[in-house]
Amino acid sequence: MRIAALRGPERFEVEEAPVPVPRPDEVVVRVVASGVCASELEPWVDGPPTGEVRYPGHEVSGVVTEVGSDVTTLAAGARVGVWVTERGFAEYVAVRAAYCFPAGDGPLDLALAEPIACAVNAVEAADVRLGDDVVVIGAGFMGNLVQRLAALRGPRRLVVADARGDALERARRLGATDVVDVTADDLAARVRALTGGRGADVTFECTGTQRALTACGDTTRMSGTIAVVGYHQGAERTLPLAFWNWMAFRLVNAHFRDLAVIMRGMEVGMRLHAAGRLPTDDLVSHRFPLDDVNKAFATLRDKPPGFVKAVITFPEVE
Ligand SMILES: [Zn+2]
């Protein structure tokens, strides 16, 4: 089979490797789609330490081809979204059967279980309540997922902010009650106007930038919740913690490392997705074959107009 190996800065090489053999509690999945994650961008730009090789790719969906001797819950042919931590940019991957979740009958390139799980856990941890006023800063892929899931919780206002016109148009199509172009409008003032001067009950930071993080303190009401969903890499971030403390904000660090939490988010998210309650068809904007994996990462880096999410896809033979 073929697998993408990261061998240098911005340099994946597609190489041959044996198809994995499942351990007793594992299955082998023929990969149909593997999402390109923002968290993998820096490692791609920098490359691995000299002389080392990395095999990234963790947003995998596909079809089970082989099951280990102890596996009773899955059979060959099952369509699944799975939890893997690496080796996802490959034609086949071995994964514990317990980490596979039914993907339903829809296109598998839309059943990206791992980011869906993150968004589910973020919305659950932030605990959006019926009638809440919610702000989502950042209308990229994660922001869109968070927006859709927050909408399922029945907010009053669902305000989405971004600097890109196409992203705001999409946010509106996805059901935002209000969109704010932060290049032209004062977000905090708009939120105050929309909430009777009070501020949002919950603000989701979905960009991973200092600017958006800082803005959360100005959009959230006293004793409201700030959920940090964006992946903050690179330089240190600073918070006006004295002010945030005085405002009695509840801070939710919506980055999940506990396996049980991730699994539960995946189960809930795939249940919603497979039932059509969490559509993602307008969120996967770019598809690339494995040979173009570097191009896929460059597209994530450059974010051309209309970009939401890049996915490596493998021809589905069924
Ligand atoms: Zn990811």
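Note that the working numbering has the sequence shown beginning at 728, numbered continuously upward. Even glycine gets a Cβ: it sits at the ideal position worked out from N, Cα and C.
Taking DSSP as the reference, what is the three-state secondary structure of residue i?
i, result
"Glu1045", "Interpretation of Glu1045 is limited by its pLDDT of 46, a score under 50 that renders its predicted location unreliable; the figure taken from the coordinates is listed afterwards. Glu1045 falls in the coil class under three-state DSSP."
"Pro1016", "coil"
"Thr946", "helix"
"Ser1046", "Residue 1046 falls outside the range modelled here, since the chain spans only 728 to 1045, and no answer is possible."
"Gly892", "helix"
"Gly992", "helix"
"Val918", "helix"
"Ala765", "helix"
"Cys1025", "Note that residue 1025 is Ala in the sequence shown here, rather than Cys. Residue state, collapsed to three classes: helix."
"Leu940", "helix"
"Ala754", "Correcting the residue identity first, residue 754 is Val in this sequence and not Ala. Reduced to three states, the DSSP call for Val754 is strand."
"Val759", "strand"
Distance, Cα to Cα, residue i vs residue j?
i, j, result
"Val1058", "Trp973", "The chain is shown only over 728 to 1045; residue 1058 falls outside these bounds and no answer can be derived."
"Gly996", "Leu835", "14 Å"
"Gly1033", "His1013", "9 Å"
"Gly881", "Glu743", "49 Å"
"Leu801", "Val754", "8 Å"
"Ala920", "Glu994", "38 Å"
"Ala1037", "Val918", "31 Å"
"Glu779", "Arg734", "7 Å"
"Arg998", "Leu837", "13 Å"
"Leu986", "Ala915", "36 Å"
"Gly944", "Asp893", "26 Å"
"Gly1050", "Val787", "Residue coverage of the chain in this structure runs from 728 to 1045, which leaves residue 1050 outside it and unanswerable."
"Thr947", "Arg856", "15 Å"
"Thr941", "Phe970", "11 Å"
"Leu1005", "Glu841", "14 Å"
"Val811", "Gly923", "45 Å"
"Arg814", "Tyr782", "5 Å"
"Ser796", "Phe816", "26 Å"
"Glu1045", "Gly961", "In this prediction, Glu1045 scores a pLDDT of 46, lower than 50, which makes its location untrustworthy; no coordinate-derived value is stated."
If I follow the unbroken beta strand (DSSP E) through residue i, where does it start and stop?
i, result
"Glu841", "Element bounds for Glu841: not the beta strand (DSSP E) but the alpha helix (DSSP H), 840-853."
"Phe739", "738-743"
"Arg729", "729-735"
"Pro829", "827-829"
"Ala1037", "1037-1040"
"Ala928", "According to the sequence as given, residue 928 is Asp; it is not Ala. Element bounds for Asp928: 927-932."
With residue i and residue j assumed to form a contact (beta carbons below 8 Å), what rounded beta-carbon distance in angstroms separates them?
i, j, result
"Val887", "Ala898", "4 Å"
"Ala878", "Leu885", "6 Å"
"Glu932", "Val956", "6 Å"
"Leu839", "Phe1024", "With a Cβ gap of about 16 Å, Leu839 and Phe1024 do not count as contacting."
"Val1020", "Ile1039", "6 Å"
"Asp858", "Arg883", "The identity of residue 858 in the sequence shown is Gly, whereas the question assumes Asp. With 8 Å as the limit, Gly858 and Arg883 qualify as a contact, their Cβ atoms being about 5 Å apart."
"Leu1010", "Val763", "Contact doesn't hold; Cβ gap of about 13 Å is too wide."
Does the CB of residue i have a neighbour CB from chain B at under 8 Å?
i, result
"Val763", "Note that chain B does not occur in the displayed structure, where there is just one protein chain."
Could you give the residue range of the alpha helix (DSSP H) that holds residue i?
i, result
"Arg870", "For the sequence presented, residue 870 should be read as Gly rather than Arg. Segment 868-879, the alpha helix (DSSP H) holding Gly870."
"Glu818", "Element bounds for Glu818: n/a, residue is neither H nor E."
"Phe970", "968-973"
Report task. Measuring from each Cβ to the nearest heavy atom of ligand 2, keep the ones under 6 Å and list them in chain order. Result -> Although ligand 2 was asked about, the structure shown includes only ligand 1 as ligands.
State whether the region 937-957 contacts the region 973-992, with contact taken as three or more CB pairs (one from each stretch) at a distance under 8 Å.
yes
*Mind the definition here: the region 806-825 touches the region 848-863 only if three or more C-beta pairs lie below 8 Å; say whether that holds.*
no
Worksheet item: Quick one: any contact between the region 958-966 and the region 856-863, if contact means 3 or more CB pairs under 8 Å?
Response: no
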